[in-house]
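Colleague: Can you keep this structure in mind? I'll have questions shortly.
Protein chains: 2
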Amino acid sequence: MTRTPTRDLILAAAVRTAAEKGITGASMDEIADRAGVAKGSLYYNFPSKDAIFGQVVRDGFDRLDIALRQARGEAKGLSAMRAVTVATLEVLSDSPDRAKIVAAEIFRTDRPWADVVAPVRAGVVVHYREVLQEYAAARGESTDAITDIAGAAFLGAIAGAGLEWLLFHKERPLPEVAEQVLALMPR
Amino acid sequence: MTRTPTRDLILAAAVRTAAEKGITGASMDEIADRAGVAKGSLYYNFPSKDAIFGQVVRDGFDRLDIALRQARGEAKGLSAMRAVTVATLEVLSDSPDRAKIVAAEIFRTDRPWADVVAPVRAGVVVHYREVLQEYAAARGESTDAITDIAGAAFLGAIAGAGLEWLLFHKERPLPEVAEQVLALMPR
DNA sequence: GTCTATACAGTGATAGAC
DNA sequence: GTCTATCACTGTATAGAC
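As you go down the protein sequences, you meet chains R and E in turn.
The numbering used here numbers the first residue of the first sequence as 7 and each following residue consecutively.
The numbering used here numbers the first residue of the second sequence as 7 and each following residue consecutively.
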């Protein structure tokens with residue numbers, strides 16, 4: 007029987023609530039209720055609502071970044087494309103609620119935490135771009151034409167497939183979803 | 007000098023405001039201000055805030071659906087893949103604000119208008135899936151393996167690239183962005 | 001058809017007891 | 001460290017004058 011720190015209870019409740027109602031729609035009252043603590047405890051553990059969700063979004067990108075680094079370290083070429091796709095889908099399915107929040111927030115530029123999140127987001131896109139470039143190079147093709155936009159397209163393809171999977175076709179196994187994404191890729 | 011109906015002024019102001027602050031963050035006060043009308047006029051033209059944004063989101067999918075039907079009518083095979091990609095990017099760049107709203111709302115299942123939007127969303131995904139299937143068939147490959155998840159991946163790829171483009175690399179021409187997406191596709 | 005004024009519920013945040 | 005009680009404020013929506 008491990009005791010979960012209040013801070014983590016709050017973050018988990020915030021994720022669950024915002025997945026349903028969006029960040030602005032998630033009230034501190036409801037987060038406190040779901041966490042099983044009083045609202046005052048929210049403000050003891052975090053300075054503000056923005057601080058809570060800044061942490062949630064940053065955690066999401068951090069988890070993805072760590073998973074991508076590990077996947078890229080273990081494979082190259084086409085295997086790296088597959089490894090990166092699988093790793094991303096695993097992060098999504100580990101926490102679909104968090105994924106929904108990040109997906110909804112990723113293109114908002116006016117958030118208090120936007121300045122902190124933007125570089126992390128850009129760093130994640132670079133992983134996908136570099137994997138695409140390495141694969142193109144391995145096939146003897148030019149890498150010049152592959153920009154961050156292609157990286158964002160790769161990430162978008164995985165996210166689109168992953169969320170469609172988790173929300174509407176949850177019975178499918180993960181490898182099958184990965185194949186649907188990779189079927190789009192050049193070979 | 008054409009007179010814009012108040013209803014359209016309100017919808018346009020709602021789109022602009024929600025693109026910055028999200029739907030929940032867009033207040034009726036600010037929408038009225040930006041539309042240049044009184045708050046009471048909002049409630050004369052629409053029964054509620056939800057009704058306004060239900061209309062905004064539905065309009066977004068309708069525009070995309072119309073553009074996709076036209077694009078598919080004019081081209082087949084690889085040309086259809088390109089036509090659909092370009093058409094989607096055109097819809098995005100015609101109204102990036104609306105695109106940001108729809109992108110943020112597309113995976114929310116608790117909205118008042120979710121029941122209306124879900125089938126429209128699914129209908130749009132079918133277009134992408136069918137184009138992928140037709141292209142596979144034209145190359146003599148099996149279409150059985152291509153499901154809605156692949157369709158969602160295609161849409162996700164275009165949306166990811168398109169939003170990266172419009173938000174961070176707006177100087178690039180549209181055809182170049184389309185090529186970045188199509189470079190991911192089998193050939 | 002659009003305005004002003006207002007009702008009233010819900011919001012993020014704070015203070016102080018335990 | 002967590003609680004209860006309460007604050008000032010903003011939100012959606014309504015009523016009625018023009």
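Idealized CB from N, CA, C, for every residue including glycine.
Hey, out of R9/R, D14/R, R88/R, E26/R, whose CA is closest to I107/R's CA?
Modeller: Of the listed residues, the one whose Cα sits closest to I107/R is E26/R.
Colleague: Answer with buried or exposed for P102/E, where buried requires no fewer than 16 other C-beta atoms within 10 angstroms of its C-beta.
Modeller: The residue in question, P102/E, is buried, as its Cβ has 16 or more Cβ neighbours within 10 Å.
Colleague: Could you round the C-beta distance between L84/R and Y141/R to whole angstroms and report it? I think they count as a contact, below 8 Å.
Modeller: Indeed, because the Cβ distance is near 6 Å, the residues count as touching under 8 Å.
Colleague: Under 8 Å, Cβ to Cβ, is there at least one residue of chain R near P125/E?
Modeller: Cβ-Cβ to chain R under 8 Å: no for P125/E.
Colleague: Using only alpha-carbon positions, find the residue among D121/R, F174/R, A167/R that is nearest to P181/R.
Modeller: It is A167/R whose Cα lies nearest to the Cα of P181/R.
Colleague: Would you mind reading off the limits of the alpha helix (DSSP H) that contains R35/R?
Modeller: Note that residue 35/R is Asp in the sequence shown here, rather than Arg. Looking at the DSSP string, the run of the alpha helix (DSSP H) that includes D35/R is 34–41.
Colleague: Assuming the contact rule is C-beta atoms closer than 8 Å, A109/R and F113/E should be a hit. Round their C-beta distance to whole Å, please.
Modeller: Confirmed, Cβ separation roughly 6 Å.
Colleague: Check W171/R in the structure and name its three-state DSSP category.
Modeller: Helix.
Colleague: By the three-class DSSP mapping on this structure, what secondary structure does P125/R have?
Modeller: Helix.
Colleague: Are the beta-carbon atoms of I29/R and F59/R separated by less than 8 Å?
Modeller: Contact: yes.
Colleague: According to the Cβ coordinates, are V92/R and L74/R closer than 8 Å?
Modeller: Their beta carbons are not under 8 Å apart, which means V92/R does not touch L74/R by this criterion.
Colleague: Express the C-alpha separation of R40/E and I155/E in angstroms, rounding to a whole number.
Modeller: Their backbone Cα atoms lie some 39 Å apart in a straight line.
Colleague: Go through its chain and collect everything with a Cβ distance to R13/E's Cβ below 6 Å, but skip five positions before and after it.
Modeller: Within the same chain, R13/E has close Cβ partners N51.
Colleague: What residues in the region 93–105 of chain E have a beta carbon less than 9 Å from any beta carbon of chain R?
Modeller: Going along the region 93–105 of chain E in chain order, one finds A105 with a Cβ nearer than 9 Å to chain R.
Colleague: At the 8 Å Cβ level, is R78/R part of the contact set with chain E, yes or no?
Modeller: Closer than 8 Å: no.
Colleague: Tell me whether V131/E is buried or exposed, calling it buried when 16 or more other Cβ atoms sit within 10 Å of its Cβ.
Modeller: It counts as buried.
Colleague: Excluding five sequence neighbours on each side, which residues of the same chain lie with their C-beta closer than 7 Å to the C-beta of I164/E?
Modeller: Correct list, in chain order: T91, T94, L95, V187.
Colleague: Let's test the definition: count the other Cβ atoms within 10 Å of the Cβ of G129/R and tell me whether it reaches 16, buried, or not, exposed.
Modeller: By the 10 Å Cβ count, G129/R comes out exposed.
Colleague: Please list the partners that A110/E has in chain R, where partner means a Cβ-to-Cβ separation under 9 Å.
Modeller: Residues of chain R passing the Cβ test: G28, A109, A110, E111, I112, F113, R114.
Colleague: Going by C-alpha to C-alpha distance, which of K82/E, L98/E, L172/E sits closest to T115/R?
Modeller: For the residues K82/E, L98/E, L172/E, the minimum Cα distance to T115/R belongs to L172/E.
Colleague: Give me the Cα-Cα distance between F160/E and V183/R, rounded to the nearest whole angstrom.
Modeller: Straight-line Cα distance between these residues: approximately 13 Å.
Colleague: Can you confirm whether D154/E, when its beta carbon is compared against all beta carbons of chain R, has any partner nearer than 8 Å?
Modeller: Output row for D154/E: interface = yes.
Colleague: Just to confirm before moving on: does the CB-CB distance between L98/R and V62/R stay below 8 Å?
Modeller: It is not a contact, given that the beta carbons lie outside the stated cut-off.
Colleague: Considering only C-alpha positions, which residue in the set T149/R, S148/R, R104/R is nearest to R22/R?
Modeller: Measuring from the Cα of R22/R, the nearest candidate turns out to be R104/R.
Colleague: Considering only residues of the same chain and omitting the five flanking positions on each side of R178/E, which have a CB-CB separation below 7 Å?
Modeller: Excluding sequence neighbours, R178/E sits near W171.
Colleague: Classify G146/R: buried if its beta carbon has 16 or more other beta carbons within 10 angstroms, exposed otherwise.
Modeller: Looking at its Cβ environment, which holds fewer than 16 other Cβ atoms inside 10 Å, G146/R is exposed.
Colleague: If distances are taken between C-alpha atoms only, which option among T149/R, A24/R, G42/R, H175/R comes closest to T10/R?
Modeller: When only C-alpha atoms are compared, the closest one is G42/R.
Colleague: In three-state DSSP terms, what is V140/E?
Modeller: Sequence inspection shows Glu at residue 140/E; the Val mentioned does not correspond to that position. In this structure, E140/E counts as helix in the three-state DSSP scheme.
Colleague: By the 10 Å Cβ neighbour count, where 16 or more other Cβ atoms means buried, how is I152/E classified, buried or exposed?
Modeller: So I152/E ends up on the buried side.
Colleague: Look at the Cβ atom of M191/E, then the Cβ atom of L190/R, and state whether they are nearer than 8 Å.
Modeller: Going by C-beta atoms, M191/E is nearer than 8 Å to L190/R.
Colleague: I'd like to know whether the C-beta of L169/E is nearer than 8 Å to at least one C-beta of chain R.
Modeller: Closer than 8 Å: yes.
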